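Working notes, beginning with the structure itself.
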Amino acid sequence: MSTINTVDAGATSLLRFATAGSVDDGKSTLVGRLLHDSKSVLADQLEAVEHASRNRGQEAPDLALLTDGLRAEREQGITIDVAYRYFATPRRRFILADTPGHVQYTRNMVTGASTAELAVVLVDARNGVVEQTRRHAAVAALLRVPHVVLAVNKMDLVDYAEPVFAAIAEEFTTYAASLGVPEITAIPISALAGDNVVTASAHMDWYGGPTVLEHLETVPVVADPSDDPGRFPVQYVIRPQTAEHPDYRGYAGQIASGVLRVGDAVTVLPSGRTSTIEAIDALGQAVDVAWAPQSVTVRLTDDLDISRGDLIAPTATAPSVSQDIEATICHVADRPLTVGQRVLLKHTTRTVKAIVKDIPSRLTLDDLSQHLAPGELVANDIGRIVVRTAEPLALDAYADSRRTGSFLLIDPADGTTLTAGMAGTAFAEAAADAAPADAADDEGWDF
Numbered sequence: 000m001s002t003i004n005t006v007d008a009g010a011t012s013l014l015r016f017a018t019a020g021s022v023d024d025g026k027s028t029l030v031g032r033l034l035h036d037s038k039s040v041l042a043d044q045l046e047a048v049e050h051a052s053r054n055r056g057q058e059a060p061d062l063a064l065l066t067d068g069l070r071a072e073r074e075q076g077i078t079i080d081v082a083y084r085y086f087a088t089p090r091r092r093f094i095l096a097d098t099p100g101h102v103q104y105t106r107n108m109v110t111g112a113s114t115a116e117l118a119v120v121l122v123d124a125r126n127g128v129v130e131q132t133r134r135h136a137a138v139a140a141l142l143r144v145p146h147v148v149l150a151v152n153k154m155d156l157v158d159y160a161e162p163v164f165a166a167i168a169e170e171f172t173t174y175a176a177s178l179g180v181p182e183i184t185a186i187p188i189s190a191l192a193g194d195n196v197v198t199a200s201a202h203m204d205w206y207g208g209p210t211v212l213e214h215l216e217t218v219p220v221v222a223d224p225s226d227d228p229g230r231f232p233v234q235y236v237i238r239p240q241t242a243e244h245p246d247y248r249g250y251a252g253q254i255a256s257g258v259l260r261v262g263d264a265v266t267v268l269p270s271g272r273t274s275t276i277e278a279i280d281a282l283g284q285a286v287d288v289a290w291a292p293q294s295v296t297v298r299l300t301d302d303l304d305i306s307r308g309d310l311i312a313p314t315a316t317a318p319s320v321s322q323d324i325e326a327t328i329c330h331v332a333d334r335p336l337t338v339g340q341r342v343l344l345k346h347t348t349r350t351v352k353a354i355v356k357d358i359p360s361r362l363t364l365d366d367l368s369q370h371l372a373p374g375e376l377v378a379n380d381i382g383r384i385v386v387r388t389a390e391p392l393a394l395d396a397y398a399d400s401r402r403t404g405s406f407l408l409i410d411p412a413d414g415t416t417l418t419a420g421m422a423g424t425a426f427a428e429a430a431a432d433a434a435p436a437d438a439a440d441d442e443g444w445d446f
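Each residue of the sequence shown is one higher than the last, beginning at 0 in numbering that gives the first Met the number 0.
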C-alpha cells in the first residue's frame with residue numbers, strides 16, 4: 000500500500016511524553032530545567048518562582064515550582080497530581096505530563112502515560128535502579144509506550160563518573176527489554192546544573208549521545224497510518240434536511256486509526272451491515288482519502304441504521320465483536336472494584352452496561368508476579384478482569400491499537416471513572432487460563 004504523507008516530521012509534529020521516577024529523583028526539576036533552558040517560561044512565571052524560592056530561603060530559583068503548582072506539592076516538595084505543560088521549539092511541539100513518583104499515585108502515572116509516545120524515567124545516580132524504577136518501567140511496558148528514555152540524574156553528585164552511569168543503564172535496559180519495551184535510550188544528566196538537558200555537558204566528555212531535548216526533538220513519532228487497520232467510531236449523525244441538502248446523511252467523528260478511502264467496502268459494527276464509502280468531507284471539502292487522527296464526515300452509498308457509538312471499518316480488516324472482554328486494568332477509583340459489580344463500559348464513542356464477571360489476578364509490579372483470585376482491586380492496583388457487556392463491542396487488542404483497544408469502566412450511579420482498561424493480554428499472563436466465575440443476576444445486568 001502506498002505511503003500516506005501526513006505531517007512533516009519537523010516543526011509541525013507533536014510529541015506527547017511523560018516523566019516518571021521515584022520521589023526526589025528530580026522529575027519536576029528536570030521539567031523546570033527543560034522549560035527554562037528552552038526559553039519556554041514567561042517572564043512573570045520565572046519571577047514568581049524566584050520570589051517563592053527566596054521566601055523558602057533558596058538563593059537559586061527552584062525550577063521544580065514551575066510544575067508543582069499545588070500548595071501541598073510545594074510544602075512537601077513532591078509531585079501529587081499530573082501537571083501538563085505545553086511548549087514548543089523550532090523543531091517540534093510538545094505536550095508534557097509530569098507524573099508523581101509515590102507508589103500510591105501509580106494511577107496518576109497511568110493517566111499521564113496512557114497517551115504518551117515517550118516516557119522519561121528518572122533514576123538518582125546515587126541510588127541506581129530501585130523498586131519504583133522497575134514499577135514505572137512495567138507501567139510503560141503495559142501501556143505500550145513506544146519510546147523510553149532513562150535519565151540518570153544527579154550525575155554531579157557522583158562526580159560525573161561514567162562507570163556509575165554505565166552500570167545503571169545496563170541494569171535498567173536489561174530489565175525494560177525483558178518486559179518488551181521496544182526502544183530504550185539512556186542519557187546521563189544533572190537537572191539542577193543543566194548538564195545534558197538542553198545543552199551538552201562540559202563535565203561528561205565521555206558521553207557522545209544527544210541531550211534530553213535533542214532526543215525529544217528527533218525521536219520518530221509520525222507513523223504511516225497505512226500500517227494500521229481503519230477504525231472510525233461514529234460520534235454524530237448529520238441530517239440537515241434543508242432545501243440545499245435534503246438527502247444528506249453523514250457520519251461525523253475522528254478517525255481512530257488507519258486510512259479511509261472513497262470506494263472502500265466497509266462494515267458497520269456491531270450490526271455487521273456492509274456498504275461502500277461514497278464520499279468523505281473534511282473541513283467542508285470533499286476528499287478522496289483521510290487518515291487518523293483527522294476529524295471527518297463519512298457518507299455511505301446505502302441508508303443504514305447507524306448511530307453514535309457504531310464503528311465503521313474496512314470490511315477486509317474489520318475487528319470481531321464480542322460481549323466477553325478479557326483485559327488488564329489499572330483501578331483508579333478510591334472504592335474497590337469487585338466481582339459481580341455493575342458498571343458502564345465506555346469504548347471510543349460507545350457506552351454500554353456491563354458486569355465484572357471475574358478478577359483472575361492482581362499484578363505485583365515489584366516482581367511481576369500474579370496474585371491469583373484477589374476478589375477485588377483497590378486504588379492503584381493493576382490486574383486482570385473479565386467483563387460481560389450487555390451489547391457486543393468491537394475492540395482491538397491493546398497491543399495492536401492503543402486507541403481502539405482501550406476502555407473505561409464507569410460507576411453508573413455517579414459517573415465516576417473506576418478503571419482504565421487495556422483489552423487483550425499483558426506481558427504477565429500467569430493467570431490467563433483462570434476460569435471466570437459466575438456473577439449473580441442483578442436487576443437485568445447479568446448478560
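No residue lacks a Cβ here, since even glycine has one placed at the ideal position from N, Cα and C.
Note that the coordinates shown come from a computational prediction; the quantities given were computed from them, not determined experimentally.
| Query | Result |
| --- | --- |
| Per-residue burial, tryptophan 290 [other beta carbons within 10 Å of its own, 16 or more giving buried] | buried |
| Residues near serine 37 in its chain [Cβ-Cβ closer than 7 Å; skip 5 each side] | Phe86, Thr88, Val197, Leu212 |
| Span of the alpha helix (DSSP H), counted from its first residue to its last, around valine 30 | 26–36 |
| Coarse secondary structure for alanine 436, derived from DSSP in three states | Low local confidence applies: a pLDDT of 40 at alanine 436 is under 50, so the model's placement there is unreliable, and no value is given. |
| Environment of glutamate 116 [buried if 16+ CB atoms lie within 10 Å] | buried |
| Secondary structure of leucine 191, DSSP reduced to three states | coil |
| Classification of alanine 71 by the beta-carbon crowding that lies within 10 angstroms, buried from 16 upward | The predicted position of alanine 71 is uncertain, since its pLDDT is 43 and thus under 50; a value taken from the coordinates is nonetheless stated next. Classification for alanine 71: exposed. |
| For threonine 217 and threonine 266, believed in contact at Cβ under 8 Å, the rounded distance | Not quite, the Cβ-Cβ distance comes to about 39 Å (not below 8 Å), so this is no contact. |
| Rounded Cβ spacing between arginine 134 and threonine 105 (contact assumed at less than 8 Å) | 7 Å |
| C-alpha gap between serine 21 and cysteine 329, whole angstroms | 19 Å |
| CA-to-CA distance, alanine 312 to glycine 262, given in whole angstroms | 13 Å |
| Alpha-carbon spacing of valine 147 relative to leucine 303, whole angstroms | 45 Å |
| Run of the alpha helix (DSSP H) containing glycine 111, from where it starts to where it stops | 105–112 |
| Segments assigned beta strand (DSSP E), at least 3 residues, entirely inside the segment 190–272 | 235–237, 249–253, 258–260, 264–268 |
| Straight-line gap, threonine 451 to glutamate 170 (C-alpha atoms, nearest Å) | Nothing about residue 451 can be read from this structure; the chain reaches only from 0 to 446. |
| Backbone secondary structure at isoleucine 79 - three-state DSSP | Because isoleucine 79 sits at a pLDDT of 45, beneath the cut-off of 50, its placement in the model cannot be relied upon, and the point is left open. |
| For alanine 317, the nearest candidate out of Glu182, Arg230, His244, Val351 (CA to CA) | Arg230 |
| Beta-carbon spacing of threonine 347, proline 232 below 8 Å | yes |
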